[in-house]
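Student:
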Amino acid sequence: MPRIVILMRHAKSSWKETGLSDIERPLNKRGLRIAPLMGEWLRSHRFEIEKCLCSTARRTRHTLECVQVGYDRQIPTEYSEKLYASSPHEIVRHLQELENEFQTVLVIAHNPGLETLVERWSGITRSFPTAAIAVFSFEELKDWSAISIESKPLEIQFQIPSQLQ
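In full-length UniProt numbering, the protein residues as written are 1 to 165.
Below, the structure written as structure tokens:
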């Protein structure tokens, strides 16, 4: 059974509230509308997400809440401050620490780390907009500790919100 990594960038956030630190910025109206649609997309593609690794930023936590509405179930989640402003290597380190009982994992974090990791794993340079999802299937990965930035997934799916509207 392949291991599946679903990388998702947080939904569109608001810059309206002055005085908030970057980590405390909320989602804007568009983000609140789009995130549940991305959850519906995950559900419609029958991804059985067993674990979520989520940045502690307000916009990533709120994205997860909205995704779960569309996905129609709660996802066991581990929050990490290290996923805020994380490099691709830091994201991979979080994956390497997963227990092997998990087959399908969702990571909700930020650019540029996510975009760079998507480029490395897919071999394609492209924009990774807010609420975008990239799905990677690792057929040969028996142990999470063996995943690396150099890993080569066998299957790639890419979904951006504008394709759902």
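The beta carbon of each residue, even a glycine, is placed where N, CA and C say it ideally should be.
1. Taking residue 169 and serine 148 to be in contact with their CB atoms under 8 Å, please state how far apart those CB atoms are, rounded to whole angstroms.
2. Output needed for leucine 42: all residues of its chain with C-beta closer than 6 Å, excluding positions within five of it in sequence on either side, in chain order.
3. Is the Cβ-Cβ distance between leucine 106 and tryptophan 144 less than 7 Å?
4. Taking DSSP's pairing of strands, which residues face isoleucine 108 in a bridge?
5. Of all the beta strand (DSSP E) runs that stay within the bounds of the stretch 108-154, which reach a length of 3 or more residues?
6. Let me confirm a value: valine 135 is counted as buried when at least 16 other C-beta atoms fall within 10 Å, else exposed. Which label applies?
7. For serine 80, which of helix, strand or coil comes out of DSSP?
8. Can you round the beta-carbon distance between proline 26 and serine 13 to whole angstroms, since I take them to be within the 8 Å contact cut?
9. Look up isoleucine 160 in the DSSP assignment and say whether it is helix, strand or coil.
10. Can you tell me which residues form a DSSP beta bridge with arginine 30?
Tutor: Inspection of the coordinates gives the following:
1. Outside the displayed span of the chain (1 to 165) sits residue 169, for which this structure offers no information.
2. Tyr71
3. No, the pair does not count as a contact, with Cβ atoms beyond the cut-off.
4. Met8, Cys54
5. 133-138
6. buried
7. strand
8. Yes, proline 26 and serine 13 are in contact; Cβ-Cβ is about 7 Å, under 8 Å.
9. Coil, per DSSP.
10. None; arginine 30 has no bridge partner.
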